[in-house]
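Heads up: the structure comes next, in structure tokens.
So this is what it looks like as structure tokens:
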């Protein structure tokens, strides 16, 4: 860990902040998209599908958090949560449109 | 439920002794060939037995919950007492091994 | 931060643990107390007398009271006394009266008359605090739920970080400074892991409809009520017909439910449109009877004819799963010995957090031990550690002392008990700022020891229901709290003693041990 005389470099602090935001906000987006995806695709009654999606969403939030701090850089953190969210979002859009034509 | 706790406690004691470091610390000698393996098998068997007993006594829902609860309590008691009173614990484990099944049999 | 996955997780574990640790300690401590919230309420309102349980008689008393006092209301609620709740609770909707348009009364289960008890929130204060954090709705719940997620994250990152989780499963080495703290932290984390994981995850499930609403929105559109109707299978209660019709005796309806499920305990009874032709009475089975909430354990009767109209629909697997998580968290199904285990495991969870906070600071303090004054950030952590742990314990004691000392006639008495809690907490923060670290710990723990150890005496002197009385009559809830307070006092006294011992000697031992032991604490701070 590189420290200069005054403490940790600003770039480091910004990178950490970026990862935190990616985890908290991006992770939440990912978890929500995963939740909706499960809900719309799982062959259960509407109320059960919603519950299943919600219950499993937290696993995705957890994985997103771990990813954001395990990956190589802050940029990778954001990519790692936003790209899957986009993909799931598309799947969700399609599934929603098919259910409600 | 006490019988479940006792058998589970004995099981964890066996699993602890199945580790060479704990075996030599607690029993003051090096384990003979195969002793660690036997202890490991005995330990897991006792844990399994305590699970089956718990489910048999209390059904799947309550049985599973109470099994996990008493096992956590027992192993925590073991680990935190071990540095202070190892011989007492070994004695308790031995008593549990006998009393546990005894309670099952007598309880009918 | 990037030297490997494990190191990254260690970094995340340490920092998330620190930032949220103070709040999580408070949540866990008050949550742990909540397992005995009925017993705490019983201690806090000793005027409520306990009687032998008689659901049929209690229902009759409740109905008579409500018919006499709440005939105008369109909605009644009855909670029968149980092994843990001595009072017969009744309530009714009244826009002009009570909190949030709802009036609640506690009746004596034998006489049916309102109990003259000191106004106190009792155990309900700790219960509500632990998931609402005394913040305006819904912010407290959001924050508490996010904290629960961080706890889950802490557990998972802790598991990943703990290289020797199996090898050191049975390892605890006291008397070795930082090594012992880590051993202890790891041990109570790993050995009680099923509980910690269950508690954290189930907290998320409890408020999932609020914090993760996307699924509900995506499948129910704007009609979120549709979700809850599907979930709880609510039959719409008809509006009042405005045609008077006498209500059947509730006891008769109770008997009908008992005929279906003999021995079932009732959680609460609701009456809609009492005294009207469209009266409806619903019975819900007590949460103590099952782990998971069962919507099928609900019976709806016509209140004027007594006819059984419907029973709740059977639960799906998804419902059983989520309600099981909720049920496991609440622990309402637990009998006495299991409830005590819940309490012990809750203390364990609190200790995991507490030891983590102490270690975070302790490890970094060692680095600066030679300095005159520690860096400002570390001093901040030290102050927050003291205030959030020993300070919180003092606040809890303060709540109980206020309960016994505040005059019964004081207006807003219940609020003043709560105010005392927060004032003491704030004072402990000020004290932690003004005093050097170890002394602050020692003084607060010492005061806490006195406050808790003397509580049974205070109880005996102010109510006459001290240990000599409660043990003699078999009031184990009352005695239990007194004895637990005594035990807590003894523990805090021991801790205070350790803190007030010569700090130089302790620090020297720390340095020696940490140099000697080959395994330096592997959690890599930044």
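Chains as they are written, first to last, in our numbering: chain A, 1 to 101; chain B, 1001 to 1108; chain C, 2001 to 2526.
Using N, Cα and C, we set each Cβ at its ideal position, and we do this for glycine too.
Note that the structure is predicted; figures quoted are calculated from it, not measured.
Integer Cβ distance of residue i from residue j, believed to fall under 8 angstroms
i              : j              : result
residue 2269/C : residue 2287/C : Residue 2269/C to residue 2287/C, Cβ: 14 angstroms. No contact.
residue 2202/C : residue 2347/C : Actually they do not touch by this definition, with Cβ atoms about 18 angstroms apart.
residue 2278/C : residue 2317/C : Not really, about 35 angstroms apart at Cβ, beyond 8 angstroms.
residue 2200/C : residue 54/A   : Not really, about 16 angstroms apart at Cβ, beyond 8 angstroms.
residue 2016/C : residue 2150/C : 5 angstroms
residue 2192/C : residue 1072/B : 5 angstroms
residue 2187/C : residue 1068/B : Contact doesn't hold; Cβ gap of about 17 angstroms is too wide.
residue 91/A   : residue 37/A   : 6 angstroms
Endpoints, alpha helix (DSSP H) assigned at residue i
i              : result
residue 81/A   : 74-99
residue 2261/C : Taken as a continuous stretch (DSSP letters only), residue 2261/C belongs to no alpha helix (DSSP H), as it is neither H nor E.
residue 29/A   : 27-41
residue 2132/C : 2123-2132
residue 2485/C : 2476-2500
residue 987/B  : Here chain B has residues from 1001 to 1108 only, and residue 987/B is not among them.
residue 2201/C : 2193-2206
residue 2145/C : 2139-2161
residue 1001/B : Segment: none, residue 1001/B is in no alpha helix (DSSP H) and carries neither H nor E.
residue 2218/C : 2214-2220
residue 2294/C : Careful: residue 2294/C lies outside any alpha helix (DSSP H) and carries neither H nor E.
residue 1056/B : 1035-1081
residue 2063/C : 2055-2069
residue 68/A   : 46-70
residue 2120/C : Residue 2120/C -> no alpha helix (DSSP H), and no H or E assigned at all.
residue 2415/C : 2413-2434
residue 2027/C : 2005-2034
residue 2238/C : Careful: residue 2238/C lies outside any alpha helix (DSSP H) and carries neither H nor E.
residue 2040/C : 2037-2044
In DSSP terms, what residue i is bridged to
i              : result
residue 2451/C : Answer is none; residue 2451/C lacks a bridge partner.
residue 2105/C : 2090/C
residue 2099/C : 2102/C
residue 2272/C : 2075/C, 2280/C
residue 2180/C : Residue 2180/C is not bridged to any residue.
residue 2317/C : Answer is none; residue 2317/C lacks a bridge partner.
residue 2114/C : 2107/C
residue 2244/C : 2276/C
Identity of the residue in the options nearest residue i by Cα
i              : options                        : result
residue 1023/B : 1069/B, 1071/B, 1090/B         : 1090/B
residue 2117/C : 2050/C, 2144/C, 2338/C         : 2050/C
residue 69/A   : 15/A, 35/A, 101/A              : 15/A
residue 84/A   : 10/A, 19/A, 60/A               : 60/A
residue 2490/C : 2458/C, 2452/C, 2465/C, 2461/C : 2452/C
residue 2207/C : 2164/C, 2218/C, 2233/C, 2142/C : 2142/C
residue 1066/B : 2008/C, 2339/C, 2018/C, 2196/C : 2339/C
residue 2321/C : 51/A, 23/A, 32/A               : 51/A
residue 1032/B : 1054/B, 1045/B, 1018/B         : 1018/B
residue 2465/C : 2295/C, 2044/C, 2007/C, 2006/C : 2044/C
residue 2110/C : 2062/C, 2361/C, 2099/C, 2209/C : 2062/C
residue 2354/C : 2021/C, 2376/C, 2010/C, 2219/C : 2021/C
residue 2153/C : 2386/C, 2019/C, 2303/C         : 2019/C
residue 2027/C : 2478/C, 2038/C, 2146/C         : 2146/C
residue 2085/C : 2424/C, 2422/C, 2266/C         : 2266/C
residue 20/A   : 100/A, 34/A, 95/A, 65/A        : 65/A
residue 2079/C : 2073/C, 2059/C, 2064/C, 2482/C : 2059/C
residue 93/A   : 9/A, 40/A, 49/A                : 40/A
residue 29/A   : 100/A, 86/A, 101/A, 17/A       : 86/A
residue 2330/C : 2428/C, 2034/C, 2006/C         : 2034/C
Limits of the unbroken beta strand (DSSP E) element including residue i
i              : result
residue 2280/C : 2280-2285
residue 2079/C : 2075-2079
residue 2300/C : 2298-2302
residue 2390/C : From DSSP, residue 2390/C is part of no beta strand (DSSP E) but of the alpha helix (DSSP H) over 2376-2405.
residue 2311/C : 2308-2311
Neighbour flag for residue i against chain D, beta carbons, 8 angstroms
i            : result
residue 57/A : Given the protein chain composition of this structure (A, B and C), no chain D is represented.
Contact test: residue i Cβ vs the ligand ADP heavy atom, cutoff 7 angstroms
i            : result
residue 63/A : Absent from the structure shown: the ligand ADP. Ligands present: none.
Practice item. Pull out every residue of the region 1060-1087 of chain B whose Cβ sits closer than 8 angstroms to any Cβ of chain C, in chain order. Key: 1061, 1062, 1065, 1066, 1068, 1069, 1070, 1072, 1073, 1075, 1076, 1078, 1079, 1080, 1082, 1083, 1084
Practice item. Using a Cβ-Cβ cut-off of less than 8 angstroms, list which residues of the region 1018-1049 of chain B approach chain C; keep chain order. Key: 1019, 1022
Check your understanding: Which residues, in chain order, does the region 17-44 of chain A contribute to contact with chain C at a C-beta distance below 8 angstroms?
Key -> 31, 32, 33, 35, 36, 38, 39, 40, 44
Practice item. Would you list, in chain order, the members of the region 2366-2382 of chain C that have their beta-carbon closer than 8 angstroms to a beta-carbon of chain B? Key: none
Check your understanding: When Cβ atoms are compared, which residues of the region 2004-2031 of chain C fall closer than 8 angstroms to chain A?
Key -> 2005, 2008, 2009, 2011, 2012
Exercise for review: Can you give me, in chain order, the residues of the region 2156-2173 of chain C that have a beta carbon less than 7 angstroms from any beta carbon in chain B?
Suggested key: 2170, 2172, 2173
Exercise for review: Note down, in chain order, all residues in the region 2296-2326 of chain C with a beta-carbon under 9 angstroms from any beta-carbon belonging to chain A.
Suggested key: 2316, 2317, 2318, 2319, 2321, 2322, 2325
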